[in-house]
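Taking it in order: structure first as structure tokens, then the write-up.
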Amino acid sequence: MDAEQARKFLDISEYADIDEIKRKYRRLMGRFHPDVLGSENPEHIRKAQEINEAYQILKSAARAGNVGFFEGNRKKWKWSGELNKKAFCARNVYLYYSMETDGEKLYYQVARGKYMWDPEEEEFSLFMRSIFHAVKELMEEAEEKILSEKRRTVKISEKERFQIQAQIVHCLLQQFTDPIKILRRIVQPERTDRQGRDIYRFTALLILKDKFRGTAEKNGMRAGSFLYPESLRDNRISVRAQNGQPLGYLTFLDDRLYLCIIPLLKNKMAQIKMIVSEKQETRGRSGNDLKIKVDFYFRLEDQGKEYRNPDQNLRIAEILRVYEKKRAFCNE
132 MDAEQARKFL DISEYADIDE IKRKYRRLMG RFHPDVLGSE NPEHIRKAQE
182 INEAYQILKS AARAGNVGFF EGNRKKWKWS GELNKKAFCA RNVYLYYSME
232 TDGEKLYYQV ARGKYMWDPE EEEFSLFMRS IFHAVKELME EAEEKILSEK
282 RRTVKISEKE RFQIQAQIVH CLLQQFTDPI KILRRIVQPE RTDRQGRDIY
332 RFTALLILKD KFRGTAEKNG MRAGSFLYPE SLRDNRISVR AQNGQPLGYL
382 TFLDDRLYLC IIPLLKNKMA QIKMIVSEKQ ETRGRSGNDL KIKVDFYFRL
432 EDQGKEYRNP DQNLRIAEIL RVYEKKRAFC NE
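What follows is the structure in structure tokens.
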């Protein structure tokens, strides 16, 4: 069966995208799968096998970014980015159309592969979208595996599903980013110290809720006061006052910095210094909050050391195994 035959077999338009192909596949399997019919008729089994074969052909062609593959044109988009061949899966690379639109910006798939993110070539929002889409594909493949193994699916809570998605997103982000290269491409160092180490300065925010305001006032926290890192929790920097009192978490104005700063700190490849630059009253849901603007200094400790992307494959496989276990039970 070729792509054209698969399209006709599933009654799929030549303009159908991957989501439409999936919807048609699931509808047909819901009608013809032997388990659904409660039948062991060879004709029903053959029909289900053909549906699955057609779906796999169209899914592979669509995800490969082939243009006009239904007409036999196998041309693929070109992308010359750096690869992480050990990554768990491939991801789509998206670019925005150049034309301006009034609503949400339109984008298209330019490539698919195990490409590292390059902030000079790929918008951050589209990179994150590609990661979310990759996670969606992995979870759908796990669900398809359950179906192919003749196991029934059961519902899980939205909270459980979100937690699983978040875990896989975190793992894939580590596989497709190089913190040092990203840092050097999105910002220039403010200066270099005597040992030749680059020092960067960023603006960060610390929002103090009412229950922590007394700590700030007690310590005379003002412009020029030092803040101290307490820990790295949930991929955020927890901050404390000089007396050790926890104050909250820092927020960076540029979301891309989370992909640089946190991994390098975890790998002990950088040092930080935080100084209060400004305080401002803000109105929060629970009353008046205190917004503290922070000068965040970041120094790379070993200029010549390369960052090694962690191998998260076993971790991702385990997360998906747990997801399959939560979603399925055996019919037998």
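Numbering-wise (this note's numbering), the sequence shown opens with residue 132 and increments by one.
Here a beta-carbon is modelled for each residue, glycine too, at the ideal position from N, C-alpha and C.
query                                                                                                           : result
Assumed close pair V224, S261 - CB separation to whole angstroms, cut-off 8 Å                                   : 6 Å
Identity of the residues DSSP links to P377 by a beta bridge                                                    : R371
Buried or exposed (CB count within 10 angstroms, at least 16 for buried), P441                                  : exposed
Paired residues, beta bridge with I338 - DSSP                                                                   : K422
Straight-line gap, R138 to Y246 (C-alpha atoms, nearest Å)                                                      : 29 Å
Pick from Q376, W210, K399 and N444 that is closest to G244, judged by C-alpha positions                        : W210
DSSP three-state assignment for M259, whether helix, strand or coil                                             : helix
Sequence-distant residues of the same chain with beta carbon closer than 7 Å to F201, five excluded per side    : For F201, the pLDDT reaches just 40, beneath the cut-off of 50, and the residue's location in the model is therefore unreliable, leaving the point undetermined.
Distance between Q402 and M230 (C-alpha atoms, nearest Å)                                                       : Residue confidence for M230 is low, a pLDDT of 47 falling below 50, so the modelled location carries little weight; the figure read from the coordinates is stated next. Spanning the two alpha carbons is a distance of roughly 43 Å.
Buried versus exposed call for E253 [16 or more other C-beta atoms within 10 Å across all chains shown]         : buried
Euclidean distance between Cα positions of I317 and F333                                                        : 12 Å
Spatial neighbours of I149 in its chain, beta-carbon cut-off 6 Å, leaving aside the 5 residues before and after : A193
Own chain partners of V96 with C-beta closer than 8 Å, once the 5 adjacent residues on each side are dropped    : This structure cannot speak to residue 96, because the chain is shown only from 132 to 463.
Where F427 falls, given that 16 or more other Cβ within 10 Å makes a residue buried                             : buried
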